[in-house]
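Peer 1:
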Amino acid sequence: MAKIDRVKNDLDLEDMDARLLVLEDSKRIPKLEEDEYTARIGLVTAEQVTVGQFGPWVKVTIPFKINIPDSLESLTVNFVANKSIAPSSRMYPIIKGILGKSPENGFTLSEINGKKVKVMIEHRTDADGNVWENIASVRKIKKKVISN
């Protein structure tokens, strides 16, 4: 009976090895659940983009480094948007959340480098069915007041 089990196990391993050679369309699954996380803002970058739907624009990337709960790993989720601070822009509510107030005209984005914030992660599925983490909102972490 042990010889039959060993032969069966060998066949199972061969099947498993054969399956590894089959090409399949694999989909990305998110590393973070939809939830709120503490994040640290990395180095904010900006680049001039010469071609866009509405002409040239400035692409700003704000990287949010999030420690994955119950893991030693972290994940950086980039928020990318036009540089505009118009209240109707995608950038405005993110910067307002980081600062805890409306950004003033002339505010320099490098001032948010290294700030610790709370981010709300929502999932976004692309046209190929891959699921990505998306920064839905950001809020400033309020400093704890210690009273005597």
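Counting in our numbering, the sequence shown runs from 1178 upward without gaps. From the three backbone atoms N, C-alpha and C, an ideal C-beta is built for every residue, glycine too. This structure is a prediction, so every number in the text was calculated from the model and none was measured.
1) For threonine 1302, list the residues DSSP reports as bridge partners.
2) Which of the three DSSP states, helix, strand or coil, is assigned to serine 1251?
3) Would you identify the three-state DSSP class for alanine 1258, choosing helix, strand or coil?
4) Classify valine 1199 as buried or exposed, calling it buried when 16 or more other Cβ atoms lie within 10 Å of its own Cβ.
5) Going by the CB atoms, is the gap between serine 1279 and lysine 1273 shorter than 8 angstroms?
6) From the DSSP output, which residues share a beta bridge with valine 1296?
7) Compute the beta-carbon to beta-carbon distance between leucine 1209 and leucine 1252, rounded to the nearest angstrom, for a pair I have assumed lies under 8 angstroms.
8) For histidine 1300, which option in Asp1202, Lys1242 and Asp1212 has the closest C-alpha, if you only look at C-alpha atoms?
9) Kindly indicate which three-state DSSP category isoleucine 1271 falls into: helix, strand or coil?
10) Using the Cα positions of proline 1233 and leucine 1286, report the straight-line distance between them to the nearest angstrom.
Peer 2: Result, derived from the coordinates:
1) Along the sequence shown, one-based indexing puts residue 1302 at 125. Within the DSSP secondary-structure output, threonine 1302 pairs in a beta bridge with Val1308.
2) The sequence position of residue 1251 within the sequence shown is 74, counting from 1. The answer is strand: DSSP assigns serine 1251 an E or B state.
3) Against the sequence shown, residue 1258 aligns to sequence position 81. Look at alanine 1258 here: in three-state DSSP terms it is strand.
4) Along the sequence shown, read from residue 1 onward, the residue named residue 1199 stands at position 22. A residue is called buried once 16 or more other Cβ atoms fall within 10 Å of its Cβ, and valine 1199, having fewer, is exposed.
5) Stepping through the sequence shown from its first residue, residue 1273 is reached at position 96. Stepping through the sequence shown from its first residue, residue 1279 is reached at position 102. Contact: yes.
6) As a first step, residue 1296 must be located in the sequence shown, where it is residue number 119. According to DSSP, which records beta bridges pairwise, valine 1296 is partnered with Tyr1214 and Val1315.
7) As a working note, residue 1209 is residue 32 in the sequence shown. As a working note, residue 1252 is residue 75 in the sequence shown. 6 angstroms between Cβ atoms; contact.
8) Numbered from its first residue, the sequence shown carries residue 1300 at position 123. Of the listed residues, the one whose Cα sits closest to histidine 1300 is Asp1212.
9) Mapped onto the sequence shown, residue 1271 falls at position 94. Under the three-state reduction of DSSP output, isoleucine 1271 falls in the helix class.
10) Taking the first residue of the sequence shown as 1, we reach residue 1233 at position 56. Taking the first residue of the sequence shown as 1, we reach residue 1286 at position 109. If you draw a straight line from the Cα of proline 1233 to the Cα of leucine 1286, it comes to about 20 angstroms.
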